[in-house]
Amino acid sequence: MAILVISLVYGSIGYAASKGEEQDKQNDLKTKIANLEELVDQNKNQSDGKIAELSEQLKAYAEQVAYYKSLPMSPKEIAGAETVKEIQYIEKPVTQIVTQTAIQGVEKNQAVVTIENLGSFQVDLKDNDNAFTILKRAGVENGFPIEYQEYSFGVFVTAIGGIKPVGNQYWAFYYNGKYSMVGASAQTISKNDTTFWKLESF
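Mapping the sequence shown onto full-length UniProt numbering, position 89 (from 1) lands on 89, and the numbers just tick up by one.
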């Protein structure tokens, strides 16, 4: 009988210990589950933020693609090119109208602003004009916006006619057919000068 009682006591103790261990395991498991749920929530919030950011970038790219697709596919004529042609052909038989057009074009105090994929524009010059001031004037007179940032060293053009550089691109300009080695606000402009703006990569 005593042996039976001792066995029952040890069995009860073992059962209680086993039950306590089981309870500890359950508590540990609940803690781990709670930690995992918290990590999942954090990652979900971070993912939602990244998705929103990527969605905005994709939307901006889609707008640029739509803009480029809306442009005519034929190359734009450079303003003033007709005048040059007319002057070149004056030696050959031409009509009086063509000759007058060439002379009038030469007499005007103008410069030409050409923007890749946007067009060419003749701009009347004012005192102390530079490549940036005639670009702005061409935008105002022809209805396309110019976006830029001003710094102590000059002006940095960030968008022309809604066209913004992507990635490592920037708006470069050429003065009388050569890549300008000075900033647009430092490049003085005279009669019959030409500036050509285009996107280039670093």
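From the three backbone atoms N, C-alpha and C, an ideal C-beta is built for every residue, glycine too.
- The straight-line gap separating the alpha-carbon atoms of A172 and L199 is approximately 6 angstroms.
- With respect to the C-alpha of N117, the residue from A159, N192, L36, E56 having the closest C-alpha is A159.
- Contact check for T195 against I146 fails: the beta carbons are separated by 8 angstroms or more.
- Between S190 and G154, the C-beta spacing is not below 8 angstroms.
- If you ignore the 5 residues before and after S201, its C-beta comes within less than 6 angstroms of the C-beta of N168, Q169, all in its own chain and listed in chain order.
- DSSP places G119 in the strand class (E or B) of the three-state scheme.
- F156 sits in a strand when the DSSP states are folded into three classes.
- Cβ neighbours of L39 within its own chain (closer than 6 angstroms, five residues either side excluded): none.
- By the Cβ neighbour-count rule, A131 is buried, with 16 or more other Cβ atoms within 10 Å of its own.
- Counted as a single uninterrupted DSSP element, the alpha helix (DSSP H) harbouring L135 occupies residues 131-142.
- In the three-state reduction of the DSSP assignment, D48 falls in the helix class.
- Measuring C-alpha to C-alpha distances from E107 to each of A60, G119, L125 identifies L125 as the nearest.
- CA-CA distance, W197 to Q57, rounds to 25 angstroms.
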